[in-house]
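Heads up: the protein sequence lines correspond to chains A and B, in order. Per my numbering, the first sequence starts with residue 15, numbered consecutively. Per my numbering, the second sequence starts with residue 2, numbered consecutively. For glycine and all other residues, C-beta sits at the position ideal for the given N, C-alpha and C. Keep in mind it's a predicted model, so treat the numbers as computed, not measured.
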Amino acid sequence: MSVLKHAFTLLMIPVAVTFIGVFSSTARGAELQKPALKQGYYFSLIPVGEAVLVDSSENFGPWPSVGGQFRMGEELNRWFDLGLSGGATVAYSDNYRLIHGHFGLDGTFKPTAVLSIGLQAGLGFGDFTRRKPGITEVIGRFGATYGITVSYDLFAGSRHRSPHQSGGFAMSPYIGAHIGPSDVTSIYAFFVGIAFTRWTGLPKNRLDLPLDEAF
Amino acid sequence: MKQWMYMIAIVLVGLYAFTVRAQDVDNENDTDVQQPVIPPVLKAEVPAEYPPRALEDRVESEVILEIDIDETGMVEGVQVVTPAEPEGYGFDDAAVNAANLFEFEPATQGGMPIPVRITYRTVFALADEPLIADTDTAENDIPAAEEPNDGSAIPAKRVLNFNGTLKERGTRFPLAGVTVTIFRGEGNVAVGYEAVTDADGAFGFYNLAPGKWMLLAEPEGYFPLRTSDEVVKNERTEASYYVERSDYNPYDVVVEGERIRKEVSRTTLQIEEVERIPGTFGDVLTVVKNLPGVARTGAAAGNIVVRGSSPEDTQVFVDGVEVPIIYHFGGLRSVIPLGMLDRLDFYPGNFTAEFGRATGGVVDVRLKRLKPEKFGGYVDVNLADSGIYLETPLGEKSAVAAAFRRSYIDGIINAVVPDSASVNLITAPRYYDYQLLGTFRPNDNHELSAFFFGSDDELKLLFENPADFSPDLTATSGSTSTSFYRTVLEHRYMPSRHFENVFKTSAGRNKVYVGLGDQIFLDLNTYVAQIYDKFTVSLSDNVKIAGGIDYLYSTADARIKFPEVAKEGEPGGRPDLSTIQYTESTDQVSNSLGTFLQLESKLFDRWTVIPGVRYDYFSRVDTSSLAPRFNTRFALAEKWTVKGGVGVYHQEPSFDETDEVFGNPDLGLEKAMHYSVGFEYSPLDYLTLDVTGFYKDMSDLVSRTDATVNVNGELQRLNYVNGGQGRVYGLEVMLKHNFANNFNGWISYTLSKALRKDVGDTEWRRFDFDQTHILTLLGSYSLPKNWTLGFRWRVVTGSPDTPREGAVYSVDKGYYEPVYGRPNSDRLPTFHQADVRLDKRWVFDAWMLTAYLDVQNIYNSPNVTGYQYNYDSTERRARQGLPILPVIGVKGEF
Numbered sequence: 015m016s017v018l019k020h021a022f023t024l025l026m027i028p029v030a031v032t033f034i035g036v037f038s039s040t041a042r043g044a045e046l047q048k049p050a051l052k053q054g055y056y057f058s059l060i061p062v063g064e065a066v067l068v069d070s071s072e073n074f075g076p077w078p079s080v081g082g083q084f085r086m087g088e089e090l091n092r093w094f095d096l097g098l099s100g101g102a103t104v105a106y107s108d109n110y111r112l113i114h115g116h117f118g119l120d121g122t123f124k125p126t127a128v129l130s131i132g133l134q135a136g137l138g139f140g141d142f143t144r145r146k147p148g149i150t151e152v153i154g155r156f157g158a159t160y161g162i163t164v165s166y167d168l169f170a171g172s173r174h175r176s177p178h179q180s181g182g183f184a185m186s187p188y189i190g191a192h193i194g195p196s197d198v199t200s201i202y203a204f205f206v207g208i209a210f211t212r213w214t215g216l217p218k219n220r221l222d223l224p225l226d227e228a229f
Numbered sequence: 002m003k004q005w006m007y008m009i010a011i012v013l014v015g016l017y018a019f020t021v022r023a024q025d026v027d028n029e030n031d032t033d034v035q036q037p038v039i040p041p042v043l044k045a046e047v048p049a050e051y052p053p054r055a056l057e058d059r060v061e062s063e064v065i066l067e068i069d070i071d072e073t074g075m076v077e078g079v080q081v082v083t084p085a086e087p088e089g090y091g092f093d094d095a096a097v098n099a100a101n102l103f104e105f106e107p108a109t110q111g112g113m114p115i116p117v118r119i120t121y122r123t124v125f126a127l128a129d130e131p132l133i134a135d136t137d138t139a140e141n142d143i144p145a146a147e148e149p150n151d152g153s154a155i156p157a158k159r160v161l162n163f164n165g166t167l168k169e170r171g172t173r174f175p176l177a178g179v180t181v182t183i184f185r186g187e188g189n190v191a192v193g194y195e196a197v198t199d200a201d202g203a204f205g206f207y208n209l210a211p212g213k214w215m216l217l218a219e220p221e222g223y224f225p226l227r228t229s230d231e232v233v234k235n236e237r238t239e240a241s242y243y244v245e246r247s248d249y250n251p252y253d254v255v256v257e258g259e260r261i262r263k264e265v266s267r268t269t270l271q272i273e274e275v276e277r278i279p280g281t282f283g284d285v286l287t288v289v290k291n292l293p294g295v296a297r298t299g300a301a302a303g304n305i306v307v308r309g310s311s312p313e314d315t316q317v318f319v320d321g322v323e324v325p326i327i328y329h330f331g332g333l334r335s336v337i338p339l340g341m342l343d344r345l346d347f348y349p350g351n352f353t354a355e356f357g358r359a360t361g362g363v364v365d366v367r368l369k370r371l372k373p374e375k376f377g378g379y380v381d382v383n384l385a386d387s388g389i390y391l392e393t394p395l396g397e398k399s400a401v402a403a404a405f406r407r408s409y410i411d412g413i414i415n416a417v418v419p420d421s422a423s424v425n426l427i428t429a430p431r432y433y434d435y436q437l438l439g440t441f442r443p444n445d446n447h448e449l450s451a452f453f454f455g456s457d458d459e460l461k462l463l464f465e466n467p468a469d470f471s472p473d474l475t476a477t478s479g480s481t482s483t484s485f486y487r488t489v490l491e492h493r494y495m496p497s498r499h500f501e502n503v504f505k506t507s508a509g510r511n512k513v514y515v516g517l518g519d520q521i522f523l524d525l526n527t528y529v530a531q532i533y534d535k536f537t538v539s540l541s542d543n544v545k546i547a548g549g550i551d552y553l554y555s556t557a558d559a560r561i562k563f564p565e566v567a568k569e570g571e572p573g574g575r576p577d578l579s580t581i582q583y584t585e586s587t588d589q590v591s592n593s594l595g596t597f598l599q600l601e602s603k604l605f606d607r608w609t610v611i612p613g614v615r616y617d618y619f620s621r622v623d624t625s626s627l628a629p630r631f632n633t634r635f636a637l638a639e640k641w642t643v644k645g646g647v648g649v650y651h652q653e654p655s656f657d658e659t660d661e662v663f664g665n666p667d668l669g670l671e672k673a674m675h676y677s678v679g680f681e682y683s684p685l686d687y688l689t690l691d692v693t694g695f696y697k698d699m700s701d702l703v704s705r706t707d708a709t710v711n712v713n714g715e716l717q718r719l720n721y722v723n724g725g726q727g728r729v730y731g732l733e734v735m736l737k738h739n740f741a742n743n744f745n746g747w748i749s750y751t752l753s754k755a756l757r758k759d760v761g762d763t764e765w766r767r768f769d770f771d772q773t774h775i776l777t778l779l780g781s782y783s784l785p786k787n788w789t790l791g792f793r794w795r796v797v798t799g800s801p802d803t804p805r806e807g808a809v810y811s812v813d814k815g816y817y818e819p820v821y822g823r824p825n826s827d828r829l830p831t832f833h834q835a836d837v838r839l840d841k842r843w844v845f846d847a848w849m850l851t852a853y854l855d856v857q858n859i860y861n862s863p864n865v866t867g868y869q870y871n872y873d874s875t876e877r878r879a880r881q882g883l884p885i886l887p888v889i890g891v892k893g894e895f
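Here it is as structure tokens:
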């Protein structure tokens, strides 16, 4: 692969850093925050259904598969969360078996309070076994994987929450795609699922609270 | 913002709060203003007279005063801030009259007395509910001086019944000069007091009524401390509080100022600024490979190639002591842990006369001068190894630090390599290192230190079928090990600012073994001792003379049974086992003596000239050398400096090249001339641009030869002669952004050409590591909430490669021998790779935990490191370097 082929990936890094830097500058220092639901650490479990396409010497799929993903990290500011993500899915039939997964960095941009756009980059793996009469062909892959996800957050019980509540529990419709490009075997996965996310909220001393709740 | 805080502030009064009176502070020295203010101490408290009518009516009250205290501790003025209630009993006048007669030890800042204003509470309480007086009070306690004078009442008996300490969360450093507020109630019934922490972070409150109290501290740059505590009647409440800094930036500890630059080319790396660079595992020495002038040597190469010089041409010193290796296996880790280091100086060329025995560059690793304020250290755990570092003060004049690290890659590899593999790893690879550092400063003039350190690397493997590797190979096992230790004693003598002498002596052992059973082996055991002394005399502010002596002694025992191995410029390929020879020697003594003298002079306040000369004697080749060197810098303008240098450099051939069997004992020294010219531009405080052009002319390089010589009627191969030549020229650019605006990093670019001409050749050829373009972009960005994101991207011209033009079947050897093209006439494809690192730090009361994910080669660039050929060299397959590799680690600091 040429240098140019990776230009997009290379550009992503400084662009992401600049983006984070611009929007994080307002969050420096010891300024207290207004309580909000998406605060503190988060942990998501996401059952997903996938359509996977394997691009090797010939195209295979798309195969339907099921599996799970996780995302964990921390809210850096109103606009951006940072953490790790990973997951795996498996598809099985008489003709094939496919196990596909990833693990890596996860950055989430939040253009609105309830909409999240995640970008992932990290290690991916795929193990694809194709069965034909008398032949079992195994195609393995180990390399970089990139992903993009979009989710819409619905917070449970938000109508009844305290105005000073930090953190909460959200269920989010979740769609996305993972791409594992390679000269030999590439994997493309498109998935939908429901993300169940717990936000821990911020400690009281990081929040701007009324006196009766601050201590 | 925090409206409730304003409300509380209106009704609060202070028992013993103080503020520096801004109009009296000398603001010329910002450093003093930032130092904590030590509050005044009341040394003569005059009891307030209890108003008779109040005593008669059994009325209690309190008055809040503000007292102005001058630099001598005398009271300048008293104002009533909160008058007594109920009014009309004369409490206010009684309190003011008494306060006007107080005497204090004055408040101080940076050791200097300063005027302050304090808030003081006078309590008028009747004697029927006395508190227990406790004389075991904190340092800032004010003696309770108010005793009952008429037997019927005890006005304002002062009892410390709440004391605490305020420390920084994670580091446990005391927070001095912080106002601590304690209060309860709201609105008209609110009551509260303030205290200021002393140098130990201690504070106290007196005569607090029993019950629950809210405690608040909001130091600048910290998240507020909000908590509550219970005060129990007739008891003293004691508590420690930890306040969390808003940002635990690792660069906060970089406080050392820029040292005066003398050399044309020197890059200094502070430890904290490079700890979070991706792909380095937090190891400062591996960061050297990202500096201008340093060639890329592969992920598993533990050597440093500087400005077209061979790896062995660059010397590595640990606090001035030569060490045989600086990296463990594969260059993954250096042999000195981060905690022991202060900084690293890298000289790619034109280094001053202080450094010798090298024609390439110098890496000078400096240990930190131990001055720990508390017992502390860290534990570092990652996929490759685990290490621990501890340091502690021993009284006021001594300190000690110790560290140990051990790898477990062997366990991981053994678990991953399948049983069916043709190689079984017994110990693969294993390394550990250890260090003990102690310092003693009996007074300001003397500093003694002792440093003991060592390292041990080992790799053992079994071959199921050795013929897979070479048809001649019969050995079924192989191993390699390198170990060394050193003991260094140092005395630094500084009788005045005009003279300094550093005397150092070290002793230790190097042990190297490489072998394939009994078929091939090298077993080298060397004892070394070194004596070093350097003096510096400052004749004036602008003229300094430095000189010294550097003596190195070694005695070696060697057993060597080895074939001819490929040297620089020769294709690697399969070793020809028919060339195996054997030699054995004991007590081979080698001496090297070096002396140097240099003048450091600054002319017209902007022109620095450093002429110097170095003399060396090398007993192994029985040759001495004289090396004059000259460096200069001229400050064109405030932000512009031009610089240049020229110098002569020598070094002796390697051990095997002067061996009687494998080499030529009559070899002489290798020589290099360094020329550099460049400029530095600093448009901003944190931004520097350094551009240096260089030319290096190497002569008398050791080169292989087939020539023979008649020794006692017998023709013997010379093996090597000093007939090689080298020529390197190029341009180095370094744009460095020191830590500012949450970012630090640099862009380094090297454009160079490195050529060699071997003995007998008429044309120049490429050097093994001739890489025309070397570009590195790296940096780390400090994000909110103690996250750090680091990145590194490298693009490097592919290294030269010697192509195979075919193969000829050798009946004698039973395999095809490759036919090579012109040495290094081909190139590997361009190398490019991006690495990303993410760090997150969690802060607990007494320690901090940092976890990181370091993803190397994040876009899985299939970089070619070489080619593997089939049996007759008609087909080849690219050997690829490191694939995408995520590494996770954690580090606990306390």
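Residues sharing a beta bridge with residue i, DSSP
i	result
B:HIS738	B:LEU688, B:GLY746
B:THR709	B:ARG718
A:LEU59	A:PHE84, A:PHE210
Contacting residues, own chain, Cβ-Cβ under 8 Å from residue i (five flanking each side not counted)
i	result
B:VAL722	ASN665, LEU668, VAL703, SER704, THR706, ALA708, VAL760
Between the CA atoms of residue j and residue i - distance to the nearest angstrom
i	j	result
B:LYS398	B:GLU392	14 Å
B:ALA85	B:LEU66	10 Å
B:THR460	B:ASP411	Note that residue 460 of chain B is Leu in the sequence shown here, rather than Thr. Rounded to whole angstroms, B:LEU460 to B:ASP411 spans 9 Å at the Cα level.
A:VAL198	A:VAL66	17 Å
A:ALA127	A:GLY182	13 Å
B:SER311	B:ASN742	39 Å
Same chain only: Cβ atoms within 6 Å of residue i, ignoring 5 sequence neighbours per side
i	result
B:ILE889	LEU854
B:ASP771	ALA755, PRO801
A:LEU96	GLY87, LEU90, GLY121
B:ASN711	none
Closest residue to residue i among the options (Cα-Cα distance)
i	options	result
B:VAL97	B:GLU86, B:GLY78, B:THR315	B:GLY78
B:TYR243	B:ARG185, B:LYS168, B:GLN271	B:LYS168
B:PRO684	B:LEU670, B:ASN632, B:LYS737, B:THR580	B:LYS737
B:ARG880	B:SER874, B:LEU886, B:PRO887, B:GLN869	B:GLN869
B:GLN582	B:LEU490, B:PHE453, B:SER591, B:ASP519	B:ASP519
B:ILE183	B:SER229, B:PHE330, B:SER626	B:SER229
A:VAL136	A:ARG145, A:LYS146, A:PHE117	The residue you asked about is not Val; residue 136 of chain A is Gly in the sequence shown. It is A:PHE117 whose Cα lies nearest to the Cα of A:GLY136.
Check: residue i C-beta below 7 Å from any heavy atom of the ligand HEM
i	result
B:GLY549	Among the components modelled here there is no ligand, and therefore nothing to report on the ligand HEM.
8 Å Cβ cutoff, residue i in contact with chain C
i	result
A:ASN109	The structure shown has no chain C; the protein chains it does contain are A and B.
Sequence-distant residues of its chain with Cβ nearer than 7 Å to residue i (five each side left out)
i	result
A:VAL152	THR143
Can at least three beta-carbon pairs, one atom from the region 372-382 of chain B and one from the region 316-329 of chain B, be found at a separation below 8 Å? no
Measuring CB atoms only, is the region 541-558 of chain B touching the region 590-602 of chain B, in the sense that at least three cross pairs come out at less than 8 Å? yes
For the pair the region 207-221 of chain B and the region 279-289 of chain B, tell me if three or more CB-CB distances fall below 8 Å. no
Would you call the region 53-70 of chain A in contact with the region 199-209 of chain A, where contact means no fewer than 3 C-beta pairs closer than 8 Å? yes
Determine, using beta-carbon pairs with one atom in the region 673-680 of chain B and one in the region 646-657 of chain B, whether at least three such pairs fall under 8 Å. yes
Can we say the region 347-362 of chain B touches the region 331-338 of chain B, given the rule of at least three CB pairs closer than 8 Å? no
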